[in-house]
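S.K.: Following this message is one structure expressed as structure tokens.
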Amino acid sequence: MTLLLIFLFGLAWGSALNALAYRLYHKKSWIKGRSLCPQCKKTLAVMELIPLVSFIIQQGRCRQCKKKISCQYPLGEALTAIALCGSFLWLTRDGMSYQALFLWVMFLVSWSVWFVLFVHDFLYTLVLDAVVVPAFGIIVIVQSVRIILFEPSVVWASVVFAYLFAMLIGGGFFALQFIVSKGRWIGGGDIRLGVLMGATLGLPHVITALIIAYIGGSIISVFLLLYKKVQWKSEIPFGTFLACATLVTFLFGKPLLAWYMGLFY
């Protein structure tokens with residue numbers, strides 16, 4: 606029953622995140638106004654807004670203009686639902702606890718932030734400060750609450766230093782590339798995403814996420830080149846790889862690091 610509720614919530618939340626990503630890019634109000642068909646701009650009826658179900662019933666087309674609806678919408682809804690269910694199972698694998706539930710809420714927040722960033726970078730090769738800046742503030746607050754609740758004996762100076770260093774590594778790694786290449790290799794948005802990665806993951810997991818992002822990005826880029834989907838000079842939205850790597854590391858950073866270290870010791 607719990608998983609069913611999380612799945613249904615995930616579908617609705619994924620729909621909301623898709624709408625948020627669309628409205629932010631088109632500079633529309635986050636909360637005012639009804640959802641529209643991106644093609645004909647007709648206001649959608651309530652029955653057209655049921656996550657995933659409406660897409661299936663309408664066979665992927667708008668009821669008004671009959672034009673195809675982007676697969677982004679059902680995919681985003683389904684992936685969000687699956688991710689929230691999977692993360693809940695993983696984080697509570699050792700039993701239900703307040704800490705496990707709080708970590709799941711943290712994953713929900715992280716997924717929401719990085720989902721919107723992923724959509725913007727994938728579709729528009731754009732990293733919006735309107736997302737990054739408030740996201741940074743939210744992540745810092747959530748991390749602080751986590752430490753207060755579950756690590757009360759920690760020395761705050763060491764925690765602040767560790768996270769600042771993680772943000773320096775994440776942002777500095779891309780800033781160095783930006784300076785050396787004079788902006789040809791990466792954009793300024795990647796620097797801000799690197800800082801956000803550091804705030805989300807801390808040390809040493811920000812390094813793990815960077816490694817995953819570059820390995821994953823390299824493999825996918827090779828396949829795209831082989832199948833001639835891109836050219837050598839094509840612009841690759843690297844923020845999408847950073848988003849995926851951050852979320853994977855959030856859940857599996859510790860076992861991945863333990864596995865990697867086990868290769869040498």
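Taking the numbering used here, the leading residue of the sequence shown gets 606, the next gets one more, and so forth.
Using N, Cα and C, we set each Cβ at its ideal position, and we do this for glycine too.
(1) Taking the alpha carbon of V721 as the point to measure from, which residue in I743, A624, P679, L769 has its own alpha carbon closest?
(2) In angstroms, rounded to a whole number, what distance separates the CA positions of A771 and A814?
(3) By the three-class DSSP mapping on this structure, what secondary structure does R666 have?
(4) Identify the continuous alpha helix (DSSP H) that holds S776 and give its terminal residues.
(5) With a threshold of 8 angstroms, are at least 3 pairs of Cβ atoms found where one atom belongs to the segment 842-861 and the other to the segment 727-746?
(6) Where does T879 sit, in a helix, a strand or coil, going by DSSP?
(7) Could you compute how far the alpha carbon of Y865 sits from the alpha carbon of L769?
(8) Sorted by chain position, which residues of the same chain lie with C-beta nearer than 6 angstroms to G794's C-beta, five sequence neighbours on each side aside?
(9) If we count the other Cβ atoms within 10 Å of its Cβ and call it buried at 16 or more, is L798 buried or exposed?
(10) Please classify Y832 as buried or exposed, where buried requires at least 16 other C-beta atoms within 10 Å of its C-beta.
(11) Can you tell me whether G775 is buried or exposed, with buried defined as 16 or more other CB within 10 angstroms of its CB?
(12) Within 10 Å of its beta-carbon, does Y870 have 16 or more other beta-carbons around it, so buried, or fewer, so exposed?
(13) Please list, in chain order, all residues of the same chain as S717 whose beta carbon is under 7 angstroms from its beta carbon, the five residues on each side excluded.
(14) Distance check for L649 and V658, CA to CA, integer angstroms please.
(15) Which residue's Cα is closest to the Cα of F741: L801, M711, W719?
(16) Would a C-beta distance cut-off of 9 angstroms place R751 and M711 closer than the cut-off?
(17) Is it right to say W719 is buried, meaning 16 or more other beta carbons lie within 10 angstroms of its own, or is it exposed?
M.R.: So, from the data block:
(1) A624
(2) 11 angstroms
(3) strand
(4) The displayed chain sequence assigns Gly, not Ser, to residue 776. 761-786 is the span of the alpha helix (DSSP H), which, as asked, contains G776.
(5) yes
(6) Residue 879 is absent from the structure shown; the chain starts at 606 and stops at 870.
(7) 25 angstroms
(8) V732
(9) buried
(10) exposed
(11) buried
(12) exposed
(13) L622
(14) 14 angstroms
(15) L801
(16) yes
(17) buried
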